[in-house]
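With the numbering used here, letter number 225 in the sequence shown gets 619, and the count goes up by one each step, no holes. By construction, the Cβ of each residue, glycine as well, lies at the ideal position given by its N, Cα and C atoms. To start, the structure itself, in structure tokens.
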Amino acid sequence: MPSRHISPQSFDDILSELGDDPAIPDPHGIRKPSYPKGSPLKPSTPNKDRTEPEAFGSQNLLGQIPKLGGFLAFAACVFGTSIALLVGYDSLKTSSQAQIQESHKEITDLKKEFILLRTELQMEQDDLYEAMDLIEVSVHSLIENKLTHKVTAKPQALPHEVELRRWRYLGASQMGGSHQAFFDSGQGTVMFQKGMLVLGDWRLTQLDKDLATLSHSKGKTLSLKSSKTE
395 MPSRHISPQS FDDILSELGD DPAIPDPHGI RKPSYPKGSP LKPSTPNKDR TEPEAFGSQN
455 LLGQIPKLGG FLAFAACVFG TSIALLVGYD SLKTSSQAQI QESHKEITDL KKEFILLRTE
515 LQMEQDDLYE AMDLIEVSVH SLIENKLTHK VTAKPQALPH EVELRRWRYL GASQMGGSHQ
575 AFFDSGQGTV MFQKGMLVLG DWRLTQLDKD LATLSHSKGK TLSLKSSKTE
């Protein structure tokens with residue numbers, strides 16, 4: 395390593411800058427306190443030192459006023475927004491409650507109308523059933539009346555039936571293999587053989603001692619009793 399040449403003045407300056415070594419004791423106070431290089435210390439001015447912080451604080455306060463105003467404006471905006479939200483929520487809540495109450499009222503009215511309609515429908519149904527029962531009874535009564543009328547009505551007389559009922563049977567006689575019957579027709583005595591046609595489709599079909607039977611082609615029979623028996 396090459397050697398360097400340091401002048402005594404430079405060496406002293408270096409030692410002065412480094413200061414005393416605290417590891418070496420100085421019991422007799424030989425060392426002198428070293429002061430840094432530079433301008434000499436100025437005497438303190440208490441009044442000036444006190445006014446400078448105050449001025450600095452005033453300047454800081456004036457500088458913070460715009461920021462404080464912005465913060466206050468933001469706080470006022472947040473507060474107003476909160477109030478608006480609360481008012482809107484209360485309004486919405488009140489509107490919802492009003493709508494719910496209106497819906498309950500409409501439902502109650504609908505229930506009442508439904509009960510009324512059901513009652514009216516039940517009454518109309520009862521009236522309809524009653525009318526049907528009356529119609530059914532009337533139909534049955536009409537049918538029964540017709541049947542009764544048919545049963546009680548006299549059967550229609552066949553031709554010459556009324557006239558033959560006025561005849562009187564006088565008796566019968568037998569000559570060989572033939573039988574004759576005698577009748578009083580009201581206009582005189584007439585005679586007919588058994589099996590002969592008497593009037594119209596009426597035929598003498600049966601002869602007894604006190605009874606003569608006439609039969610019609612439609613199946614109806616007529617019995618004439620002897621006048622002696624009457």
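Check: Cα-Cα separation between S609 and G565, rounded to whole angstroms; Outcome: 18 Å
Check: Q568 (DSSP reduced to helix, strand or coil); Outcome: strand
Check: Touch test, the region 532–542 against the region 552–571, Cβ-Cβ under 8 Å, three pairs minimum; Outcome: no
Check: Neighbour-count burial assignment, M525, 16 or more Cβ in a 10 Å radius; Outcome: It should be pointed out that residue 525 corresponds to Ala in this sequence rather than to Met. A525 should be labelled exposed.
Check: Chain-order list of residues whose beta-carbon lies under 6 Å from that of Q600 (same chain, five-residue window excluded); Outcome: T607
Check: Terminal residues of the alpha helix (DSSP H) in which L558 lies; Outcome: E555 to R559
Check: H573, DSSP secondary structure in three states; Outcome: strand
Check: G580 beta carbon less than 9 Å from that of W561; Outcome: yes
Check: Beta-bridge pairing of M585 - partner residues as DSSP gives them; Outcome: F576
Check: Local conformation of A492 per DSSP, three classes; Outcome: helix
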